[in-house]
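Below is one structure, written out as structure tokens, with a few remarks after it.
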Amino acid sequence: MLYGSVVALDHVSFQVQAGEILGLVGPNGAGKTTAMRILTTFLYPSAGTAKIDNLDILEHPLEVRKRIGYLPETAPLYLDMQVEEYLQFVAHARDVSGKNFSNRLHWVRDACGLKPVWKHPISEISKGFRQRVGLAQALIHDPKVLILDEPTSGLDPLQIIGIRDLIKSLAKKKTIIFSTHILQEVETIADRIVIINEGRIVSQGTLEALAQEVRIKGEGKPDLTLEDIFIALLTAKKEKSKEPIKTV
Ligand SMILES: Nc1ncnc2c1ncn2[C@@H]1O[C@H](COP(=O)(O)OP(=O)(O)OP(=O)(O)O)[C@@H](O)[C@H]1O
Ligand SMILES: [Mg+2]
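For the sequence shown, the working numbering gives the first residue as 10, with consecutive numbering after it.
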């Protein structure tokens, strides 16, 4: 994926199985948001493609959009609306109707802890509550696939735990891709992890598989945390790139 001459993603390829939670981690500017914007059809890739629920994002973008709930880095909220009004609006736009309409509204209100601000204008609620409203709009139509860009950013510690538990409980029925800078979060929620840096996949797999890779490379610690793995894989790459260019 190119932004002008900036290569934001380069030969990035990964798969997520139904019911699986995939965690995307990587330093600032690694390409996580770009990957998510391509998957959600907000960005057109300069090369390559992707499939969601077996539908190609370039051939069937509308069908793909219907199947996805997306929480972008900055939630797309209408500040002049009340929380309830806004979510009703999104539910209508997402074709949620009949009995399902009030069921889904009540469900997201409770699941995302929105009761205290339900009748408040979005302009007047705090950052953490705005994030929860953003999550609620991603869930309102009960999508098969959830793509969450830093879903717990800006939340207080208790709410972070609440949202983590919510994500875990949703995973039984949904496929989830999420990004985060909190490595412990990926460790506890994700079934598989993709580590991305400078637009390329550094490594991917289960925590155990990543730990094994680092051990093979000679990091002796027996119980490697994702933080150890992250540092080992990213610094190994840096040191490699510092090696002098060999001349013949
Ligand atoms: N609209 C844009 N125009 C030009 N370059 C962009 C644009 N959006 C992102 N980039 C560049 O693409 C690269 C990947 O950015 P991206 O936002 O995908 O990273 P990220 O992994 O989500 O980072 P963060 O952890 O900071 O959210 C960076 O080099 C960034 O500067
Ligand atoms: Mg990002």
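In this text, a Cβ means the ideal position worked out from N, Cα and C, and glycines have one as well.
Please read all numbers here as calculations on a predicted model, not as lab measurements.
So, for Pro130: in the same chain, excluding its five sequence neighbours on each side, which residues have a beta-carbon less than 6 angstroms away from its beta-carbon? The residue you call residue 130 lines up with position 121 of the sequence shown. The answer, listed in chain order, is Gln91.
My assumption, with CB atoms under 8 angstroms, is that Ser188 sits in contact with Met10. Please give the rounded CB distance. Along the sequence shown, read from residue 1 onward, the residue named residue 188 stands at position 179. Along the sequence shown, read from residue 1 onward, the residue named residue 10 stands at position 1. 16 angstroms between Cβ atoms; not a contact.
Taking only three categories from DSSP, how would you classify Thr184? Taking the first residue of the sequence shown as position 1, residue 184 is located at position 175. Residue state, collapsed to three classes: strand.
What does DSSP give as the partner residue(s) for Gln213 in the beta ladder? One-based indexing of the sequence shown puts residue 213 at position 204. In the DSSP output, where bridge partners are listed per residue, Gln213 has Val203.
Cutting at 6 angstroms between CB atoms, please list the residues of its own chain near Ile47, excluding the five before and the five after it. If you number the sequence shown from 1, residue 47 lands on position 38. Contacts found: Pro54.
Taking 7 angstroms as the cut-off, does the CB of Gly227 come closer than this to any heavy atom belonging to ligand 1? Indexing the sequence shown from 1 puts residue 227 at position 218. The answer is no for Gly227.
Residues of its chain near Lys182, where Cβ-Cβ distance is below 8 angstroms and the 5 sequence neighbours each way are ignored: Along the sequence shown, read from residue 1 onward, the residue named residue 182 stands at position 173. The residues are Gly28.
Burial state of Glu159, where buried means 16 or more other Cβ atoms lie within 10 Å: Locating residue 159 in the sequence shown gives position 150, counting from the first residue. With 16 or more other Cβ atoms from the protein chains shown falling within 10 Å of its own Cβ, Glu159 counts as buried.
Could you give the residue range of the beta strand (DSSP E) that holds Gly78? Locating residue 78 in the sequence shown gives position 69, where the first residue counts as 1. Per DSSP, Gly78 belongs to the beta strand (DSSP E) from Ile77 to Leu80.
Using C-beta distances below 7 angstroms, list every residue in its chain close to Leu164, excluding the 5 sequence neighbours before and after it, in chain order. Along the sequence shown, read from residue 1 onward, the residue named residue 164 stands at position 155. The residues are Gly137, Gln140 and Ile172.
Could you tell me whether the region 141–158 touches the region 74–89, using the rule of 3 or more Cβ pairs below 8 angstroms? Taking a cut-off of 8 angstroms for Cβ pairs, the region 141–158 and the region 74–89 touch, as three or more such pairs fall below it.
Between Glu194 and Leu216, how many whole angstroms is the CB-CB distance? I'm expecting something under 8 angstroms. Locating residue 194 in the sequence shown gives position 185, counting from the first residue. Locating residue 216 in the sequence shown gives position 207, counting from the first residue. Contact flag wrong, Cβ pair sits at about 12 angstroms.
Cutoff 7 angstroms; reference Leu219; Cβ partners in own chain excluding five residues on either side: Position 210 of the sequence shown, counted from the start, is the residue given in the question as residue 219. The beta carbon of Leu219 sits closer than 7 angstroms to the beta carbons of Ile202, Ser212 and Ile238 from its chain, once the five residues preceding and following it are set aside; these are given in chain order.
If Val117 sits next to Ala145, beta carbons under 8 angstroms apart, how far is it from one beta carbon to the other, in whole angstroms? By 1-based counting over the sequence shown, the position of residue 117 is 108. By 1-based counting over the sequence shown, the position of residue 145 is 136. Val117 to Ala145, Cβ: 4 angstroms. Contact.
Endpoints, the beta strand (DSSP E) within which Asp174 is located: Within the sequence shown, numbered from 1, the residue matching residue 174 stands at position 165. Run containing Asp174: none in the beta strand (DSSP E); it sits in the alpha helix (DSSP H), Pro166 to Leu179.
Chain-order list of residues whose beta-carbon lies under 8 angstroms from that of Leu243 (same chain, five-residue window excluded): Taking the first residue of the sequence shown as position 1, residue 243 is located at position 234. Non-local C-beta neighbours of Leu243 in its own chain, meaning closer than 8 angstroms and more than five positions away in sequence, comprise Pro36, Ile204, Asn206 and Val211, ordered along the chain.
Given the structure, does Ala39 come close to ligand 1, in the sense that its CB is under 7 angstroms from one of the ligand's heavy atoms? Stepping through the sequence shown from its first residue, residue 39 is reached at position 30. In this structure, ligand 1 has a non-hydrogen atom nearer than 7 angstroms to the beta-carbon of Ala39.
Rounded to whole angstroms, what's the CA-CA distance from Ile186 to Gly32? Just pull it up for me. Translated into positions along the sequence shown, residue 186 becomes position 177. Translated into positions along the sequence shown, residue 32 becomes position 23. Take the alpha-carbon of Ile186 and the one of Gly32: they are about 6 angstroms apart.
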